[in-house]
Amino acid sequence: SWRCFGACAEGGDIFAFAMKQNGWNFSEAIEALGAMAGVEVKKETPQQRQRSETLDKLRGLIQTAAEIYHQHLVEGKTDDAKSTLYYVQTKRGLSDEIIRQFQIGYAPPGWKNMLDELTHLGYSEAEILDAGIATKNDEGRVYDRFRNRLMIPIRDDRGRVIGFGARALAPDDNPKYLNSPQTPLFDKSRVLFGLDMAKNAIRDGEMAVIVEGYMDVIQAHQAGFTNVVAQMGTAMTEAQIKTLTPRYAKKIILALDSDAAGQSATRRSLETAQQTLESDYAGRLSVDIRVLQIPNAKDPDDLIRETPEQWRDLVNNALPVADFVIQMEMVSLPQNPSVQEREALARRILPILAASENNLYQHDNIQKLSMRLRIPERDLLAWAQEQAAKVVRPAQHDSKARTHDQMEPPSVNYEVIEPPDFVDDEEGYTVTKPSRSPGTAVRNADVSLEAHCLRLLLQKPELYYQVNRKFRELAGDHAGLRQGPLSDLGVDDFSRGDYQAIIHTLILAQQQSEMEAMDYLNENLDPVLLQEIQTLLVSEEKAVHDKVGQRFQSDFSHVLWKNYERRILPSLNPGLEVIDKALRLRLARLKRDIDEFSFMQQDSQVADASSVVQLGMQVVLSRQARHLLDTELARQFKSLT
1428 SWRCFGACAE GGDIFAFAMK QNGWNFSEAI EALGAMAGVE VKKETPQQRQ RSETLDKLRG
1488 LIQTAAEIYH QHLVEGKTDD AKSTLYYVQT KRGLSDEIIR QFQIGYAPPG WKNMLDELTH
1548 LGYSEAEILD AGIATKNDEG RVYDRFRNRL MIPIRDDRGR VIGFGARALA PDDNPKYLNS
1608 PQTPLFDKSR VLFGLDMAKN AIRDGEMAVI VEGYMDVIQA HQAGFTNVVA QMGTAMTEAQ
1668 IKTLTPRYAK KIILALDSDA AGQSATRRSL ETAQQTLESD YAGRLSVDIR VLQIPNAKDP
1728 DDLIRETPEQ WRDLVNNALP VADFVIQMEM VSLPQNPSVQ EREALARRIL PILAASENNL
1788 YQHDNIQKLS MRLRIPERDL LAWAQEQAAK VVRPAQHDSK ARTHDQMEPP SVNYEVIEPP
1848 DFVDDEEGYT VTKPSRSPGT AVRNADVSLE AHCLRLLLQK PELYYQVNRK FRELAGDHAG
1908 LRQGPLSDLG VDDFSRGDYQ AIIHTLILAQ QQSEMEAMDY LNENLDPVLL QEIQTLLVSE
1968 EKAVHDKVGQ RFQSDFSHVL WKNYERRILP SLNPGLEVID KALRLRLARL KRDIDEFSFM
2028 QQDSQVADAS SVVQLGMQVV LSRQARHLLD TELARQFKSL T
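Throughout the sequence shown, residue numbering follows our numbering, covering 1428 to 2068 in sequence.
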């Protein structure tokens, strides 16, 4: 900008300076300055000029409609108009000033009130339809879209009326809220109601509060909370978020209704924000997003009208996204969730937690999630790293541009006893296990181990007793170990629900003598579980070959299969193998149990001391059992090499 401090005292922007200095008109100044800046200033084409003129005329039409609706409300002489004004002033608690500021209006009953007024002013029926003020039925009849409704003009961020939100006044009128249809001026997915009046307050405070309804915004502005705007649908859209940030706000507070629909809309809005907003190299959002929860399922409109001071406190204490998401998602879990259900929930919400925190690894949200789901922090961090790597790594659409990592074979799930690396003496190949995300690798290995152990027991159910004898042998005379961490193989050794059902029924089959085990399973399991058994019951050679051989090129497959065949298979009999798998399965269970006991100990800090002591004893027994299992597995391995 510039200013003359001489006698003329004129000033202005760069265009005014160029016009005054050179005697140009505005168009000439635009062209000259554009040329100096290296920017081409294109003139409007006839088609563009025609479109601009059409849009300008529609804006004039819809602004005129807003003025007529407003006049019907504040100057209406009919009983309906007076009762509507009374409703707005008393039941909704709106002042004359706020009614004028938002230009709230009234559409009287009748089919052609606005249609007749606008055509009388010279607008065509087609233009009225294009503006969304009227509608046409299948018979071609044109009539008013809004009838017997409270009319709320919707403006763009420049304050120009582009559409209407209309609330039904009669209790039996549906829908309760009716928006303008999509028009050349109005697209509800791109508009934030009230932004024209809120943008200065939002920019000054760098914070916007998002609510659901028009009346929420109007009530908030009347109470002095002028940084409040409303989304125009069931959830925030990408266009709305980009309109708001980063131009106006660096912090967004979602204050949607607290009913089920509102909570669902909040979740969808958070997901949209995560996908839309600019994030840094670690996937963390550039905008601070928080969630305001209104107690007693009230709307913001009601709360602000009744207790405006409480609204201020709620805004100041809005929940970080992580707290809200954890709190909301925990409600969806069953009373005793399985390992898979807890892991699925954790993986679902980790991207939102990671995107909403300044530093995921130093914040206590992972600890909160860990405690609530009873999943070790190390697993959560491993999954978060895994997901972050997928976000940060650029997508490769060109098959020719594949990286070295993409050319490597998939990771192999080894279930045989082997050292980390081994060399084939005859072929001269060295094979090393590829590195994998620890949490994912361990979890997949546990499930695969369960499948292998269950397969062996299904093939030879009598081996179940050999497994239990080994546990009793390791426990010795220690009653605590026999009844606790080294008790008989059972349902708790398996994490998958279908495997738990199968092993439970298999144990029952072994405890009866009237039927063969497989006949008992066929009689007592549903078809889905029987199909799972069929999937498990493949030959041992095929199982090993599928797991080891087929994931490599033929030469590596040959080497790995020969290694397995030469070093492992001749050394094992079915009894030894099932014991090996059962011991490893129990080790995995004890790891889960120790983690669980640790969480329970932390939870019981507020409980009685005896509970803490009892949990401590369980941890000691579990660790003692792990030591015995590790020692036995090492002994078995040594005997095979």
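Each residue gets a CB set at the ideal place from its N, CA and C atoms; glycine is no exception.
When Leu1704, Leu1622, Leu1697 and Pro1764 are compared, the shortest CA-CA separation from Leu1777 is found for Leu1697. As computed with DSSP, Val1655 is found in a beta bridge with Val1636. Contiguous beta strand (DSSP E) elements confined to the segment 1668–1751 occur at 1678–1681 and 1715–1718, taking only those with 3 or more residues. For Gly1907 and Leu2048, the gap between their C-alpha atoms comes out near 7 Å.
The Cβ neighbour count for Cys1431, taken over all protein chains shown within 10 Å, is under 16; the residue is labelled exposed.
When only Cα atoms are considered, Thr1562 and Thr1664 end up about 27 Å apart. Of the residues assessed, Trp1738 falls on the buried side of the cut-off, its CB having 16 or more other CB atoms within 10 angstroms. In the DSSP assignment, Asn1606 falls within the unbroken beta strand (DSSP E) covering Tyr1604 to Asn1606. Looking from the CA of Arg1694, the closest CA among Met1755, Phe1652 and Asn1654 belongs to Met1755.
Collapsing the DSSP output to three states places Pro1598 in coil.
A distance below 6 Å between beta-carbons, with the five flanking residues on each side excluded, links Met1463 to no residue of its chain. Fully contained in the segment 1481–1535 are the following beta strand (DSSP E) runs of length 3 or more, in chain order: 1532–1534. The three-state reading of DSSP puts Phe1442 in helix, counting H, G and I together. Per DSSP, Leu1890 is one residue of the alpha helix (DSSP H) stretching across Leu1890 to Ala1902. Ser1922 is a Cβ neighbour of Ser1765, given a cutoff of 8 Å. The closest CA to that of Ala1593, considering only Pro1602, Asp1740 and Asp1684, is found on Pro1602. With contacts defined by Cβ atoms closer than 8 Å, Leu1876 and Val1894 do not form a contacting pair. Checking the DSSP bridge columns, you'll see Tyr1570 partnered with Thr1562.
Secondary-structure assignment with DSSP links Ile1645 through no beta bridge to anything.
Relative to Phe1620, the option among Asn1951, Gln1667, Val1515 and Met1798 whose CA is nearest is Gln1667. Within a 10 Å sphere around the beta-carbon of Val1656 sit 16 or more other beta-carbons, which makes this residue buried.
Excluding five sequence positions before and after Ser1551, none of the CB atoms of its chain fall closer than 8 Å to its own CB.
Look at Trp1429 here: in three-state DSSP terms it is strand. A direct Cα-to-Cα measurement between Leu1901 and Asp2022 gives close to 23 Å.
Judged by DSSP in its simplified three-state form, Val1618 adopts coil rather than helix or strand.
Annotated as proximal: Ile1929 and Ile1960, with beta-carbon spacing under 8 Å.
For Lys1447, there are no CB contacts under 6 Å within the same chain when 5 residues up- and downstream are skipped.
For Phe2026, the secondary structure class from DSSP, reduced to helix, strand or coil, is helix. In this chain, Leu1577 is not harboured by any alpha helix (DSSP H); it is covered by the beta strand (DSSP E) spanning Arg1576 to Arg1582. Of all C-beta pairs linking the segment 1556–1570 to the segment 1509–1516, fewer than three are shorter than 8 Å, placing the two stretches out of contact. Burial state of Gly1438 is exposed, judged by a 10 Å Cβ sphere holding fewer than 16 other Cβ atoms. Contact check for Met1634 against Lys1669 fails: the beta carbons are separated by 8 Å or more. In the structure shown, the three-state DSSP call for Gly1592 is strand. Counting only residues of its own chain and dropping the five nearest sequence neighbours on each side, Leu1760 has a CB closer than 8 Å to the CB of Glu1768, Arg1769 and Leu1772. Annotated as proximal: Met1659 and Lys1615, with beta-carbon spacing under 8 Å.
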